[in-house]
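Mind the numbering: the sequence shown is residues 42 to 165 in the working numbering, read in order. In this text, a Cβ means the ideal position worked out from N, Cα and C, and glycines have one as well. As the structure is a computational prediction, the values presented were derived from the model and not from experiment.
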Amino acid sequence: MAITKEEVLEYIGSLSVLELSALVKDFEEKFGVSAAPTVVAGAVAGAPAEAAEEKTEFSVVLAETGAEKIKVIKVVREITGLGLKEAKEATEKTPHVLKEGVNKEEAETIKKKLEEVGAKAEIK
42 MAITKEEVLE YIGSLSVLEL SALVKDFEEK FGVSAAPTVV AGAVAGAPAE
92 AAEEKTEFSV VLAETGAEKI KVIKVVREIT GLGLKEAKEA TEKTPHVLKE
142 GVNKEEAETI KKKLEEVGAK AEIK
């Protein structure tokens, strides 16, 4: 009596995570293979480019305050709408995410404003 592919899939679907893990290890030992994903060089090169094109929301991170701390605090207040105390704390705790979920253009503008006053910013 032959077992169908559907029966095998149904059986595997009914296993707990621990049972499935043990089954995978048994397959690896019996057949001398690894269940670890292998990546083809061409696929690796294409994957990050596709992911970058799809990204529509960015975060601006204040990496370093720089020498002009007061000017940076003013820009941080302008960008975030924080009060003086909160903006000062944000500039002292670097790296610090200043703005999240902004589009690419706004992120570039914010980064430029920060760099104009001597801070270092990153877009992630």
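query, result
"Please go through the same chain and pick out, in chain order, the residues whose beta-carbon is closer than 6 Å to the beta-carbon of Lys-112, but skip the five residues on each side of it.", "Val-158"
"From Arg-118 to Glu-133, what distance separates their C-alpha atoms?", "13 Å"
"Can you find at least 3 beta carbon pairs, one from the segment 55-65 and one from the segment 119-132, that sit closer than 8 Å?", "no"
"Need the endpoints of the alpha helix (DSSP H) that Ile-53 sits in, please.", "46-54"
"Check Ala-160 in the structure and name its three-state DSSP category.", "coil"
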